[in-house]
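Peer 1: Those protein sequences? They're chains B and F, same order as listed.
Going by the working numbering, the letters in the first sequence line up with residues 1 to 145, in that order.
Going by the working numbering, the letters in the second sequence line up with residues 1001 to 1145, in that order.
Note that the Cβ used here is the ideal one computed from N, Cα and C, for glycine as well.
Number of protein chains: 2
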Amino acid sequence: MAFLLSQVGAHAARRFAERVSAIGLSAPEAGLMGQIAAAPGISQQALAEHVCILPSRIVALIDGLQAKSLVERRASSEDRRSYALHLTERGRQMLGDMWRIAAEHEEGLCAALSRAERAQLAELCRRIADQQGLTPGVHPGFKQL
Amino acid sequence: MAFLLSQVGAHAARRFAERVSAIGLSAPEAGLMGQIAAAPGISQQALAEHVCILPSRIVALIDGLQAKSLVERRASSEDRRSYALHLTERGRQMLGDMWRIAAEHEEGLCAALSRAERAQLAELCRRIADQQGLTPGVHPGFKQL
DNA sequence: TATTGTTATACTCTATAACTATA
DNA sequence: TATAGTTATAGAGTATAACAATA
């Protein structure tokens, strides 16, 4: 059963990655944009700690998002060492597309289940996630150790 | 919800990998040993196709398992190009340990759920897996394209 | 002295193509 | 000519350490 969960989960992640690649995003990029939207002005270090990615990887990911004009690094007012990360207008539009794609993905993935069954599945997964200490909204795919 | 599934699934995979590493196996190695046990004498090509790993990666994985004396490559009687893969006696013992670890893992992962709820979760996941065309026992973690 | 962002580096995983020996 | 196994190689992803600017 643990295998089954892992199997379905990996399949879901893979299909989502395929879908968002259509708008030029990788899954980690999409996840990071969601986190920045949820905490505008966050620093790279704080973001790295929150999603458990190494700071060196954050740099590369933000570089990519900045090159696509989806995220901007603003100078922080308090600490001249750090940046305040924000989505650009284009980034916000892209995030909207991303959520539309996520909804389609969800619909496709759960096609075999009724609404009631989907709610039931969500509740069981949520109970496991809570008990296992998973941070809501943070994918363990990025996690060292 | 798709995200939740992927999150819990990735967590499950990660914890399993940590657990089997205690007996010196990686998760792909453990999976491959299970497949060989289920189809003794299978060739590397057939194995590669079945689990959707590239033949070149199979070579490296089987090299590793052979170096640990868990798998042996016997000469095929029909086709001198191909090998027939078998678990060694030590490999069978190791697979037993692996199943014990998998059972512990399952118990730990589902600690938040009652027996009835686990069965319910398994059934819902199985329905998704069937409808999505996932091969039972084959993890999409190894899958190109 | 410690911290933020960054670069350099290494190791694994994954993917492609080319080679060899058989068929 | 096609196939099984193999090798070489290149590209991601991930981890470590070290560096410059600032605190």
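If we define contact as Cβ-Cβ less than 8 Å, is GLN7 (chain B) a contact residue for chain F?
Peer 2: At least one chain F Cβ lies under 8 Å of GLN7 (chain B).
Peer 1: By the DSSP assignment, the alpha helix (DSSP H) with LEU1071 (chain F) in it spans what residues?
Peer 2: Per the sequence presented here, residue 1071 (chain F) reads as Val, with Leu not at that position. No alpha helix (DSSP H) holds VAL1071 (chain F); the beta strand (DSSP E) holding it covers 1071-1075.
Peer 1: With 8 Å as the threshold, decide whether the Cβ of CYS1052 (chain F) is near any Cβ in chain B.
Peer 2: Judged by the 8 Å Cβ criterion, CYS1052 (chain F) is not in contact with chain B.
Peer 1: Return no unless some Cβ of chain B is closer than 8 Å to the Cβ of GLN1144 (chain F).
Peer 2: Confidence is the limiting factor: at GLN1144 (chain F) the pLDDT is only 43, short of 50, which leaves the residue's position unreliable, though a coordinate-based value still follows. With 8 Å as the cut-off, GLN1144 (chain F) does not count as an interface residue toward chain B.
Peer 1: With a CB to CB cut of under 7 Å and the five nearest residues on each side skipped, what residues in its chain are close to PRO1055 (chain F)?
Peer 2: GLN1044, GLN1045, ALA1048, listed in sequence order.
Peer 1: By Cβ distance, which residues of its chain are closer than 7 Å to ALA12 (chain B), with the 5 residues on each side in sequence left out?
Peer 2: Taken in chain order, the residues that qualify are LEU109.
Peer 1: Under 7 Å from any heavy atom of the ligand ZN, does the C-beta of ILE101 (chain B) make it?
Peer 2: Of the ligands one can find in the structure shown there are none, so the ligand ZN has no counterpart to examine.
Peer 1: GLY1064 (chain F) to ALA102 (chain B), Cα distance in whole Å?
Peer 2: If you take the alpha carbons of GLY1064 (chain F) and ALA102 (chain B), they lie about 39 Å apart.
Peer 1: With distances taken between CB atoms, is the gap from LEU151 (chain B) to GLY137 (chain B) smaller than 8 Å?
Peer 2: Residue 151 (chain B) cannot be examined here, being either before or after the span of chain B that is shown, 1 to 145.
Peer 1: If you draw a straight line from the C-alpha of ALA38 (chain B) to the C-alpha of HIS1050 (chain F), how long is it?
Peer 2: The alpha-carbon atoms of ALA38 (chain B) and HIS1050 (chain F) are separated by roughly 42 Å.
Peer 1: What alpha helix (DSSP H) runs, 4 residues minimum, are completely inside the region 55-118 of chain B?
Peer 2: List check, alpha helix (DSSP H) in window: 55-67, 89-109.
Peer 1: Helix, strand or coil for ILE128 (chain B), going by three-state DSSP, please let me know.
Peer 2: The answer is helix: DSSP assigns ILE128 (chain B) an H, G or I state.
Peer 1: Is there at least one Cβ from chain B nearer than 8 Å to GLY1141 (chain F)'s Cβ?
Peer 2: So, interface residue.
Peer 1: Listing by chain order, which chain B residues have their CB less than 8 Å from the CB of LEU1134 (chain F)?
Peer 2: What LEU1134 (chain F) touches in chain B: GLN7, VAL8, HIS11.
Peer 1: Can the beta-carbon of VAL996 (chain F) be found less than 8 Å from the beta-carbon of LEU95 (chain B)?
Peer 2: With chain F represented from 1001 up to 1145, any question about residue 996 (chain F) goes unanswered, as that position is not in the structure.
Peer 1: With 8 Å as the threshold, decide whether the Cβ of HIS86 (chain B) is near any Cβ in chain F.
Peer 2: It does not; no Cβ of chain F falls within 8 Å.
Peer 1: So the alpha helix (DSSP H) MET1001 (chain F) belongs to, where does it begin and stop?
Peer 2: Looking at the DSSP string, MET1001 (chain F) is not in any alpha helix (DSSP H), and its letter there is neither H nor E.
Peer 1: Using a Cβ-Cβ cutoff of less than 7 Å, which residues in the same chain neighbour ALA1027 (chain F) once the five nearest sequence positions on both sides are dropped?
Peer 2: Around ALA1027 (chain F): ALA1013, PHE1016, ALA1017, VAL1020.
Peer 1: From VAL71 (chain B) to MET1098 (chain F), what does the alpha carbon distance come to, in whole angstroms?
Peer 2: Roughly 45 Å separates the two Cα atoms.
Peer 1: Please identify the residue among B:ALA67, B:MET1, B:ARG100, B:ALA10 whose C-alpha is closest to the C-alpha of PRO140 (chain B).
Peer 2: Answer by Cα proximity: B:ALA10.
Peer 1: Can TYR1083 (chain F) and ARG1092 (chain F) be called in contact, C-beta distance under 8 Å?
Peer 2: Taking 8 Å as the Cβ cut-off, TYR1083 (chain F) and ARG1092 (chain F) do not qualify as a contacting pair.
Peer 1: For the region 24-52 of chain B, enumerate the residues whose C-beta is nearer than 7 Å to any C-beta of chain F, in chain order.
Peer 2: From the region 24-52 of chain B, no residue has a Cβ closer than 7 Å to chain F.
Peer 1: Would you mind working out which of B:ARG57, B:SER77, B:THR88 sits nearest ILE36 (chain B), comparing C-alpha positions?
Peer 2: Of B:ARG57, B:SER77, B:THR88, the residue nearest in Cα terms is B:THR88.
Peer 1: Given this structure, state the Cα-to-Cα distance separating GLU1106 (chain F) from ALA2 (chain B), to the nearest angstrom.
Peer 2: One C-alpha to the other measures close to 5 Å.
Peer 1: My assumption, with CB atoms under 8 Å, is that ILE1128 (chain F) sits in contact with ALA112 (chain B). Please give the rounded CB distance.
Peer 2: Yes, they are in contact, since the Cβ atoms of ILE1128 (chain F) and ALA112 (chain B) sit about 6 Å apart, within 8 Å.
Peer 1: Cβ of GLU1117 (chain F) within 8 Å of Cβ of LEU124 (chain B)?
Peer 2: Taking 8 Å as the Cβ cut-off, GLU1117 (chain F) and LEU124 (chain B) qualify as a contacting pair.
Peer 1: In or out: GLN1144 (chain F) buried (at least 16 other Cβ within 10 Å) or exposed?
Peer 2: Residue placement at GLN1144 (chain F) cannot be trusted, given a pLDDT of 43 that sits under 50; what the coordinates show is reported in the next sentence. Label assigned to GLN1144 (chain F): exposed.
Peer 1: For ALA1067 (chain F), tell me which candidate among F:SER1114, F:ASP1130, F:GLU1029, F:SER1076 has the shortest Cα-Cα distance.
Peer 2: Among F:SER1114, F:ASP1130, F:GLU1029, F:SER1076, the Cα nearest to that of ALA1067 (chain F) is on F:GLU1029.
Peer 1: Distance check for LEU121 (chain B) and ARG1081 (chain F), CA to CA, integer angstroms please.
Peer 2: Between ARG1081 (chain F) and LEU121 (chain B), the C-alpha separation is close to 48 Å.
Peer 1: How far does the alpha helix (DSSP H) with VAL1051 (chain F) in it reach, from first residue to last?
Peer 2: From DSSP, the alpha helix (DSSP H) with VAL1051 (chain F) extends over 1044-1051.
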